[in-house]
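Peer 1: These protein sequence lines are chains X and R, in that order.
So for the first sequence, the working numbering puts the first residue at 1; every next one is plus one.
So for the second sequence, the working numbering puts the first residue at 1001; every next one is plus one.
Glycine residues also receive a C-beta, built at the ideal position from the N, C-alpha and C atoms.
There are 2 protein chains.
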Amino acid sequence: MGIKERKERQKSEMRDAILSAALTLFSEQGYENVTMRNIADKIEYSVGTIYLYYKDKGEIFFDLHNRGFAEFYKKQLEIQHIKDPIDRLVAHGEAYVQFAIEYPEYYDVMFISRTPAKEIQKSAHWEEGERTYDLLKLNIRQAMEAGYFKDIHVEIAAFSLWSFVHGIASLYVRDRLRMLPSEHIKEIISGALHFMKRAY
Amino acid sequence: MGIKERKERQKSEMRDAILSAALTLFSEQGYENVTMRNIADKIEYSVGTIYLYYKDKGEIFFDLHNRGFAEFYKKQLEIQHIKDPIDRLVAHGEAYVQFAIEYPEYYDVMFISRTPAKEIQKSAHWEEGERTYDLLKLNIRQAMEAGYFKDIHVEIAAFSLWSFVHGIASLYVRDRLRMLPSEHIKEIISGALHFMKRAY
DNA sequence: TATAAATACTAAACACTGTTTATTTTCTAA
DNA sequence: TTAGAAAATAAACAGTGTTTAGTATTTATA
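(1) Pop quiz: F195/X and I1156/R are said to be a contact at Cβ under 8 Å. What is the actual Cβ separation, rounded to whole angstroms?
(2) How about the stretch 91–109 of chain X and the stretch 1162–1176 of chain R: do they share at least three Cβ pairs that are nearer than 8 Å?
(3) Cβ of H92/X less than 8 Å from any chain R Cβ?
(4) Would you tell me roughly how many angstroms separate the C-alpha atoms of D87/X and R9/X, rounded to the nearest one?
(5) Could you check whether Y73/X and I18/X sit closer than 8 Å to each other, using their CB atoms as the reference points?
(6) Assuming H1153/R contacts G191/X under a Cβ cut-off of 8 Å, what Cβ separation, rounded to an integer in Å, is found between them?
(7) Our contact map puts Y1106/R next to E1071/R with C-beta atoms below 8 Å; I'd like the distance itself, whole angstroms only.
(8) Can you tell me which of the three DSSP states M144/X falls into?
(9) Under 8 Å between beta-carbons, which chain R residues line up against I101/X? List them in chain order, please.
(10) What are the start and end residues of the alpha helix (DSSP H) that includes I1043/R?
(11) To the nearest angstrom, report how far apart D63/X and S20/X are at their CA atoms.
(12) Comparing alpha-carbon positions, which option in L1135/R, D1108/R, T1132/R lies nearest S285/X?
(13) Can you tell which of E1013/R, T1132/R, N1033/R, K1004/R has the C-alpha that lies nearest to the C-alpha of Q1080/R?
(14) Is the Cβ of M196/X closer than 8 Å to any Cβ of chain R?
(15) N1139/R: buried (16+ other C-beta within 10 angstroms of its C-beta) or exposed?
(16) Helix, strand or coil: how does DSSP classify L180/X here?
(17) What's the C-alpha gap between K1057/R and Y1172/R?
(18) Using 8 Å for Cβ pairs, my map puts L136/X next to A158/X. What's the rounded Cβ distance?
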């Protein structure tokens, strides 16, 4: 009775092979510039074979995207141990931007791209997105209890901080930082995240 | 000898027609999803005709890009008369977000859309964008002279403020504010712009 | 073990895309 | 009126994502 299991294992391995070939190519050349034939060549199978494992190119992306979202939430939880609420909020922002820099293709579908938005909203993965927003509001409330964000509504503070980190992330991901000296971009981003503390 | 002038006028009108057809289609469906044949159909000419007026699809994109920036810069100059540097900076941010709300299709092309990769190298296209960024830095320096932005590098302050307003604008334009109560969105945006004053 | 059925895979085709070409139509200047 | 220039087009080309029909390979049954 091990045949069925072996087959499932092989199927899973093939999906993994497709996924990691796609991830490599996507991050090297961008989603739009990678063809299904490129992916097929990389795994040394014919194009049609990919369609036995994935419905279409978008589903490959979504599978990668799901992994990214899981990683996103994990990264945000990792900083929750930080005691000082201000340090924690800065680390939260750093984790957010770091995710966008590390996985620009993921960040794109999650927060920027237009067409998959409706699909994403339907899927369970947007709930994970809301969970991270709730996490942000929780961290803000705890900062409030420590005396920060005086006379500010938590909704406005949360929206402001989110807009801020999303602004950084999306300018980076969509390559709109061309007027900045490229060797100092990381530095400037870090400086901005600390600058924001002044508003707390 | 008015024939030559009429011809030039007609040539210019044709470019305008292509441009406004493209802008409508791009903002409805996104650059990638609009075909040259779609644009040709809209202006009721054959595909090949477009190539008599524009080298390629990317050149259409950047012509729109530049028009958007020209309008954008004009809007930003309109608030330069405000005396108080802080009021002026807030108004600057409001003008920025207002532009995005009023002309979402231009804002999209200017700051969000995936840009055709080839043209990125040619930085001549970005000059218009740098002008508005310089205006922001000017306003920040004048706020500094009035005692604000203590111990902050102007590059970091400018990048921070830009990221902040771009975050607001792009979340709005790409419809990622659905978790906020829609009847209070304008209020929250306004609240955020004033919240940012705390960092000045 | 031999063979029918199911599975895995592939080559070729299809309907698209941006762009280029050869050709036709329209306009201009003599 | 007509040769030549300019403008517009239809058709083609090389590429894309995806589907099809058919070929190997593997599995289950006799």
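Peer 2: For this structure:
(1) Correct: roughly 6 Å between the Cβ atoms.
(2) Contact between the stretch 91–109 of chain X and the stretch 1162–1176 of chain R is absent, because fewer than three Cβ pairs lie under 8 Å.
(3) No, its Cβ sits nowhere closer than 8 Å to a Cβ of chain R.
(4) Rounded to the nearest whole angstrom, the C-alpha separation of D87/X and R9/X is 44 Å.
(5) Their beta carbons are not under 8 Å apart, which means I18/X does not touch Y73/X by this criterion.
(6) Contact holds; Cβ gap of about 7 Å.
(7) At roughly 7 Å, the Cβ-Cβ gap stays under 8 Å, so Y1106/R and E1071/R are in contact.
(8) M144/X: helix per DSSP, three-state reduction.
(9) What I101/X touches in chain R: nothing, since even the nearest Cβ is about 14 Å away.
(10) 1036–1043 is the extent of the alpha helix (DSSP H) around I1043/R.
(11) Cα to Cα, D63/X sits roughly 11 Å from S20/X.
(12) Examination of residue 285/X is not possible in this model, given that chain X is present from 1 through 200 alone.
(13) Q1080/R has its Cα closest to that of T1132/R, out of E1013/R, T1132/R, N1033/R, K1004/R.
(14) With respect to chain R, the C-beta atom of M196/X has a partner C-beta closer than 8 Å.
(15) Residue burial annotation: N1139/R is buried, with at least 16 other C-beta atoms found within 10 angstroms of its C-beta.
(16) For L180/X, the three-state secondary structure derived from DSSP is coil.
(17) So the alpha carbons of these two residues sit roughly 27 Å apart.
(18) Sure, about 5 Å apart at Cβ, within 8 Å.
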